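Quick note on numbering: full-length UniProt numbering labels position 13 of the sequence shown as 13, and the sequence is numbered without any gaps. The C-beta atom is built at its ideal place from N, Cα and C for all residues, glycine as well. Here the structure is a predicted model, which is why all the values come from computation and not from measurement.
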Amino acid sequence: MARSLRKNTFVANYLSRKIENLNMKKEKKIIVTWSRASDIVPAMIGHTIAVHNGKEHLPIYISHDMINHKLGEFSPTFIFEGHARKDRKARNDKKTKNDQKARNDQKTRNDQKTRNDKKTRNDKKREKR
1 MARSLRKNTF VANYLSRKIE NLNMKKEKKI IVTWSRASDI VPAMIGHTIA
51 VHNGKEHLPI YISHDMINHK LGEFSPTFIF EGHARKDRKA RNDKKTKNDQ
101 KARNDQKTRN DQKTRNDKKT RNDKKREKR
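Set out below in structure tokens:
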């Protein structure tokens with residue numbers, strides 16, 4: 001969801017001060033930060049910012065295309081490696097067991113139905129006698 005236009009962009013105070021100091025000195029150092037919520041502003045272009053992902057700091061070179069995005073968008077917090085093979089097999093086995101169980105239940109229902117039908121036929125025959 002987009003941020004309201006009447007609100008200004010958010011940049012952590014210490015981060016904006018560090019960037020301003022580096023811009024005045026015209027230095028290019030890696031800036032280490034934990035502020036994933038800070039927006040990328042034009043003053044940051046050309047700097048490398050190391051953003052914390054919960055485990056380590058990932059260096060990100062800021063380019064013009066990144067303006068108005070959050071720093072955290074470029075530092076993923078986890079890597080999805082897919083589901084375990086055993087889980088897939090277990091799920092498939094579970095499905096087949098459930099299918100077999102459903103078939104067996106259906107057979108028993110049908111058998112009970114035919115037994116009940118036979119009973120009623122026999123009862124009708126007895127009544128006729």
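Residues sharing a beta bridge with residue i, DSSP
i: Ala50; result: Val32 and Pro59
i: Asp39; result: Lys70
Neighbour-count burial assignment, residue i, 16 or more Cβ in a 10 Å radius
i: Ser4; result: exposed
i: Ser63; result: exposed
i: Leu58; result: exposed
i: Val51; result: buried
i: Val11; result: buried
i: Ile30; result: exposed
Residue i: first and last residue of the uninterrupted alpha helix (DSSP H) it sits in
i: Met24; result: Asn13 to Lys25
Simplified DSSP state of residue i, which is helix, strand or coil
i: Lys97; result: helix
i: Lys70; result: strand
i: Arg6; result: coil
Distance CB(residue i)-CB(residue j) smaller than 8 Å
i: Ser75; j: Asn104; result: no
i: Ile40; j: Met66; result: yes
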